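Numbering (this note's numbering), first residue to last: 44 to 351.
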């Protein structure tokens, strides 16, 4: 199993100290972490896209381009690019540029976004949430097939014999689909033969096993070989030498994240008892000592067939 890290470059006020990291420092810290991840041999580092004050990264491609110049092996990706509110042509150019800078280490993780601040900011209608993503993903894949491109759709002007540059470093740009557990997203990714990335926020990871099965069955129906259907599972947590210390230290930060999600999306705020339950055994919050977390990784891989 390949191991990697994801970050939203979160700069919420620290729930313990009350301090808030300046944007410049938060970005510098991200570059330091990406460089260290590369040196330690991790396979992937992904940056999320947000457009509000408590997150430092609104354009993952820009920060990842800076990271490309100080790394050698690690794959650099978005986590996710909110494709529904982007122009696929511009996004494709940004990530093929990153792919050239990094000599083939770019990955575009496309998603609909779990937060919606980009919709009013870029003039997209929330009622078109699903249709926007479906159309823009189709255009993104068409762009990757090669020049020239002739295309028309509902949400942007048509393309007629267009040539889009730069092209990827290799034959194709790595494109994957991120989802929080929507069955339609699993089916879409499978039918298209795209790698899928599941964001596991809480609960038991085995609840994603039916979605992975749905993804694989859709992939088979779409004519894709099983070995070409790639599953990534992402989770949150903290690793420390002492298991109890890791869980106790992580709790206030986890709780702040859950409160933010509750305000933004109407989720109920989980209790401390639920947190304690979710950090025991084969659960989706990877807080504990290295041996404990490694054991959970093995379990998740066995339950889902995840390769990352």
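For glycine and all other residues, C-beta sits at the position ideal for the given N, C-alpha and C. Bear in mind the structure is a predicted one, so any value in this text is a computation, not a measurement.
DSSP three-state call for residue 167: helix, strand or coil?
coil
What separation, rounded to the nearest whole angstrom, lies between the Cα atoms of residue 284 and residue 300?
23 Å
What residue does the alpha helix (DSSP H) around residue 264 start on, and which one ends it?
252-264
Can you tell which of 87, 287, 199, 304 has its C-alpha closest to the C-alpha of residue 336?
287
With distances taken Cα to Cα, identify the nearest neighbour of residue 178 among 163, 216, 129.
129
Measure the beta-carbon distance from residue 224 to residue 254 and round it to whole angstroms, keeping in mind my assumption that it falls under 8 Å.
6 Å
Determine, using beta carbons only, whether residue 350 and residue 274 come nearer to each other than 8 Å.
yes
How should residue 83 be labelled, buried or exposed, when 16 other C-beta atoms within 10 angstroms of its C-beta is the threshold for buried?
exposed
Distance between residue 144 and residue 154 (C-alpha atoms, nearest Å):
24 Å
Less than 8 Å between C-beta atoms, sequence neighbours within five positions excluded: which residues of the same chain meet that for residue 314?
none
Coil, strand or helix - residue 241 by DSSP:
strand
C-alpha gap between residue 180 and residue 115, whole angstroms:
29 Å
Buried/exposed call for residue 233, threshold 16 Cβ in 10 Å:
buried
Can you give me the C-alpha to C-alpha distance between residue 159 and residue 77, rounded to a whole angstrom?
27 Å
Residue 99 and residue 69 closer than 8 Å at C-beta
yes
Identify whether residue 83 lies in helix, strand or coil by the three-state DSSP scheme.
helix
Run through DSSP, which three-state label would residue 57 get?
coil
With C-beta atoms as the reference, is residue 48 less than 8 Å away from residue 85?
yes
Which residue marks the beginning of the beta strand (DSSP E) containing residue 276, and which one marks its end?
274-277
Count the CB pairs spanning the region 256-263 and the region 198-216 that are closer than 8 Å, and state whether there are at least three.
no
Name the residue from 152, 322, 112 whose alpha carbon lies nearest to the alpha carbon of residue 92.
152
Cβ of residue 146 within 8 Å of Cβ of residue 88?
no
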